[in-house]
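*Asks:* This is the structure, below, for whatever I ask next.
In this note's numbering, the protein residues as written are 6 to 658.
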């Protein structure tokens, strides 16, 4: 009798989420057949992609903490050989570290990755057996192969950016039964953003040059979501229209696909204000059934926008451009920031007035923060304007912890003004005024056949909302008047009106939790006992500037001499790490000795990989020019500089 095959190693992929006792991430929606329902916000795309990248020699389970709640010591679980933790943002660091220790104690090999790990891997070292920095299409399979061989690296880094054709369709079979419990499915069409906002770290993770999935794969993933019972799909792109030609191809496929479904999907994504300038894109997104788009407006003050390097929003008539988008039935989720250097306490009244004039049906406001490693962080660090209260309410409880010292007001003024502003914006009078204005301003209705909502449906919504949201009689009246006006003037827009009413309730609930400990936050701020951020700037700005001129030469030299050009990113990283570790923060400008040292480092990197340093074989002129162009346009240098920072930080320099 043949021996039984060895059991497959078991993998648990965990989407790290907040403590729902303190941070409510559920989304409230209204379904005409089921009434008011609460759902988790979005399906765990990262975990499903990793599952698709996992060979059949393993079994894979997924635990989404956004849906099921945080894993605790008493959570009933089986035994796993590998646990992978995906961490989206830094507020989840404590929970991620807990998971690392908890599963290691149970004998599992525990690894972590995701945007938060990629942004600051030093915060996770020592808590996990291996880290994944940047994208994982290549490194996850490499780790699994190493694991089966009995030896894996402590860190896996992807420096250059893989083509999205390498990213397989996510595997949703492990959570297929849970799809109706999510507000949004998730499909990624594009990675990268062509813009350079000073407070954003997206370009360091995904690069400036956009990479796209094949359109056919995108459409197939959307069909798969419809088959699994999704009601909406979030296109998880940082700038859906960054390549307008590609976006139009996707839309050309989405429109007929959605029209053929028994009940059309609603879509949601992130775009820039450039959408307002392209009539074909506007019509395509409307007819595909994009209910809403995230618009990072940030401010109506041109000086503040220039400070944030948000040049794409500096325009003659920002409010007019917002109304042009809304005229197609697309309701923006307008995102704003308060606390720029230009902002004084007057900004709160000004912003409130402009938001109301803009009729934005969904509004989110946040105080300015400087994520580590961004241009804003580097500037404020040099100015000595990064600090947090010594007694900060942090962890993942949702409390606001500022790290910026504003110029135009005190930190308590910023926090109090922020609270007052969001509370005014989310009153039912203010929200309904904007929603009525949005619906009234639609000039071209989306060409989408959504089911009609008879009066009994909106009556049910109003009845259930009154109870669930504890509306006063006056609040119930303003919601009822809003729905009556929409039914009278634009009845096909009733589902959207209710959608945005529910979004406002979600914001109100978020604010309620956010401000629960607000007095304690203010008290800590008023003490003025701040801890300055003194983390070293491992890669001096002068070095980054100098490298933009000399990097094409290094790239050509390494491409010429290495036996395998796929090794150029890793070899480049070694060269830059060795250079910065030698010359340090005192570097000012490239001198002749620096050029010679860089050439020596290139030759050492080539020799270490079996190449021939200083090859006498000249490249053809057109090939050399193509390599120089590639070095300038791929965004590789920016990725390398971030990787150098991470490497030096790991040394404790």
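We treat Cβ as the ideally placed atom computed from N, Cα and C, and that holds for glycine.
All values derive from a computational prediction rather than experimental measurement.
Could you pull the DSSP bridge partners for residue 436 from this structure?
*Replies:* The residue you call residue 436 lines up with position 431 of the chain shown. For residue 436, which the question treats as bridged, DSSP gives no partner whatsoever.
*Asks:* Spell out whether any CB of chain B is found under 9 Å from the CB atom of residue 336.
*Replies:* The structure shown contains no chain B, having only a single protein chain.
*Asks:* In angstroms with no decimal places, state the Cα-to-Cα distance between residue 205 and residue 376.
*Replies:* Translated into the one-based positions of the chain shown, residue 205 becomes position 200. Translated into the one-based positions of the chain shown, residue 376 becomes position 371. Approximately 7 Å between the Cα atoms of the pair.
*Asks:* At the level of alpha carbons, what is the spacing between residue 150 and residue 11?
*Replies:* Here residue 150 corresponds to residue number 145 of the chain shown, with the count starting at 1. Here residue 11 corresponds to residue number 6 of the chain shown, with the count starting at 1. So the alpha carbons of these two residues sit roughly 17 Å apart.
*Asks:* Below 8 Å on the Cβ atoms is my guess for residue 645 versus residue 553; work out the distance and round it to an integer in Å.
*Replies:* The residue given as residue 645 occupies position 640 in the chain shown. The residue given as residue 553 occupies position 548 in the chain shown. Incorrect: roughly 12 Å between the Cβ atoms, too far for contact.
*Asks:* List the endpoints of the continuous beta strand (DSSP E) containing residue 478.
*Replies:* Residue 478 sits at position 473 when you count from the first residue of the chain shown. It is not in any beta strand (DSSP E) - residue 478 instead sits in the alpha helix (DSSP H) that spans 478 to 494.
*Asks:* Considering Cα atoms alone, identify which of 78, 152, 141 and 235 is closest to residue 114.
*Replies:* Residue 114 sits at position 109 when you count from the first residue of the chain shown. Here the closest residue by C-alpha is 152.
*Asks:* Give the DSSP-derived three-state secondary structure of residue 325 in the structure shown.
*Replies:* On the chain shown, position 320 is the one that residue 325 refers to. Helix, per DSSP.
*Asks:* With 16 other CB atoms within 10 Å as the buried threshold, where does residue 594 fall?
*Replies:* Here residue 594 refers to the residue found at position 589 of the chain shown. With fewer than 16 Cβ atoms within 10 Å of its Cβ, residue 594 is classed as exposed.
*Asks:* When you compare the segment 272 to 286 with the segment 427 to 445, are there three or more beta-carbon pairs, one atom per stretch, that lie closer than 8 Å?
*Replies:* No contact exists between the segment 272 to 286 and the segment 427 to 445.
*Asks:* With residue 227 and residue 262 assumed to form a contact (beta carbons below 8 Å), what rounded beta-carbon distance in angstroms separates them?
*Replies:* Walking along the chain shown from the start, residue 227 turns up at place 222. Walking along the chain shown from the start, residue 262 turns up at place 257. Indeed, because the Cβ distance is near 6 Å, the residues count as touching under 8 Å.
*Asks:* Expressed to the nearest angstrom, what Euclidean distance is found between the alpha-carbon atoms of residue 448 and residue 335?
*Replies:* For this step, residue 448 is matched to residue 443 along the chain shown. For this step, residue 335 is matched to residue 330 along the chain shown. Cα to Cα, the separation comes out at about 11 Å.
*Asks:* Can you list the alpha helix (DSSP H) stretches of 4 or more residues lying completely in the segment 350 to 417, in chain order?
*Replies:* List check, alpha helix (DSSP H) in window: 352 to 363 and 380 to 387.
*Asks:* Can you tell me which of the three DSSP states residue 577 falls into?
*Replies:* Within the chain shown, the letter at position 572 stands for residue 577. Residue 577: helix per DSSP, three-state reduction.
*Asks:* For residue 409 versus residue 373, is the C-beta distance shorter than 9 Å?
*Replies:* Here residue 409 refers to the residue found at position 404 of the chain shown. Here residue 373 refers to the residue found at position 368 of the chain shown. A contact, by the Cβ cut-off of 9 Å.
*Asks:* Determine the DSSP secondary structure at residue 236, reduced to helix, strand or coil.
*Replies:* Sequence index remark: in the chain shown, residue 236 carries index 231 (1-based). Coil.
*Asks:* Hey, how far is the Cα of residue 468 from the Cα of residue 35?
*Replies:* Working through the chain shown from its first residue, we reach residue 468 at position 463. Working through the chain shown from its first residue, we reach residue 35 at position 30. If I take the Cα positions, the gap works out to 12 Å.
*Asks:* For the segment 307 to 327 and the segment 263 to 272, state whether three or more C-beta atom pairs, one from each stretch, are separated by less than 8 Å.
*Replies:* Verdict: no, contact absent.
*Asks:* Please say whether residue 477 and residue 444 have beta carbons closer to each other than 9 Å?
*Replies:* Here residue 444 refers to the residue found at position 439 of the chain shown. Here residue 477 refers to the residue found at position 472 of the chain shown. No; because the gap between Cβ atoms is not below 9 Å, this pair is not in contact.
*Asks:* I'd like to know whether the C-beta atoms of residue 88 and residue 18 end up nearer to each other than 9 Å.
*Replies:* Against the chain shown, residue 88 aligns to sequence position 83. Against the chain shown, residue 18 aligns to sequence position 13. Contact: yes.
*Asks:* The beta strand (DSSP E) spanning residue 48 covers which residue range?
*Replies:* The residue labelled residue 48 in the question sits at position 43 within the chain shown. Where residue 48 is concerned, there is no enclosing beta strand (DSSP E), given that its DSSP letter is neither H nor E.
*Asks:* Look at the alpha carbon of residue 457 and the alpha carbon of residue 194, and state the distance between them as a whole number of angstroms.
*Replies:* Counting from one through the chain shown, the residue named residue 457 turns up at place 452. Counting from one through the chain shown, the residue named residue 194 turns up at place 189. Computed Cα separation, rounded: 31 Å.
*Asks:* Give the DSSP bridge partners of residue 43, in chain order.
*Replies:* Taking the first residue of the chain shown as position 1, residue 43 is located at position 38. According to DSSP, residue 43 bridges with 33.
*Asks:* Sort 120, 85 and 99 by Cα distance to residue 93 and report the nearest one.
*Replies:* For the purposes of this step, residue 93 is taken as residue 88 along the chain shown, with counting starting at 1. That would be 120, whose Cα lies nearest to the Cα of residue 93.
*Asks:* If you run the structure through DSSP and keep just helix, strand and coil, what is residue 345?
*Replies:* Residue 345 sits at position 340 when you count from the first residue of the chain shown. Coil at residue 345, not helix or strand.
*Asks:* Across which residues does DSSP place residue 68 in a beta bridge pair?
*Replies:* Numbered from its first residue, the chain shown carries residue 68 at position 63. DSSP output for residue 68 lists 19 as bridge partner(s).
*Asks:* By alpha-carbon positions, which one of 599, 452 and 642 ends up nearest to residue 264?
*Replies:* Walking along the chain shown from the start, residue 264 turns up at place 259. If we check each option's Cα against that of residue 264, 452 comes out closest.
*Asks:* Would you mind working out which of 69, 358, 624 and 574 sits nearest residue 649, comparing C-alpha positions?
*Replies:* Counting from one through the chain shown, the residue named residue 649 turns up at place 644. The option with the nearest alpha carbon to residue 649 is 574.
*Asks:* Looking at the structure shown, is residue 137 part of a helix, part of a strand, or coil, going by DSSP?
*Replies:* In the chain shown, counting from the first residue as 1, residue 137 sits at position 132. The answer is strand: DSSP assigns residue 137 an E or B state.
*Asks:* How would you write the range of the beta strand (DSSP E) that residue 275 sits in, first residue to last?
*Replies:* As a first step, residue 275 must be located in the chain shown, where it is residue number 270. Note, residue 275: beta strand (DSSP E), 271 to 276.
*Asks:* Check this for me: beta carbons of residue 580 and residue 607, under 9 Å apart or not?
*Replies:* The residue labelled residue 580 in the question sits at position 575 within the chain shown. The residue labelled residue 607 in the question sits at position 602 within the chain shown. Contact: yes.
*Asks:* Return the first residue and the last residue of the alpha helix (DSSP H) that residue 117 is part of.
*Replies:* Translated into positions along the chain shown, residue 117 becomes position 112. Note, residue 117: premise wrong, no alpha helix (DSSP H); beta strand (DSSP E) at 114 to 118.
*Asks:* Whole-angstrom Cβ separation of residue 380 and residue 172, contact assumed at under 8 Å?
*Replies:* As a first step, residue 380 must be located in the chain shown, where it is residue number 375. As a first step, residue 172 must be located in the chain shown, where it is residue number 167. So it is not a contact: roughly 28 Å between Cβ atoms.
*Asks:* Excluding sequence positions up to five away, which residues of its chain have a Cβ less than 7 Å from the Cβ of residue 399?
*Replies:* Translated into the one-based positions of the chain shown, residue 399 becomes position 394. Caution is warranted here: a pLDDT of 48 is assigned to residue 399, below 50, making its placement in the model unreliable, and the coordinate value is therefore given only provisionally. Cβ within range, chain order: 406.
*Asks:* Please classify residue 539 as buried or exposed, where buried requires at least 16 neighbouring CB atoms within 10 angstroms.
*Replies:* Here residue 539 is taken as the residue at index 534 of the chain shown, counted from 1. Looking at its Cβ environment, which holds fewer than 16 other Cβ atoms inside 10 Å, residue 539 is exposed.
*Asks:* Compute the distance between the beta-carbons of residue 60 and residue 146, then report whether it is under 9 Å.
*Replies:* For the purposes of this step, residue 60 is identified with residue 55 of the chain shown, where counting begins at 1. For the purposes of this step, residue 146 is identified with residue 141 of the chain shown, where counting begins at 1. Cβ atoms of residue 60 and residue 146: closer than 9 Å.
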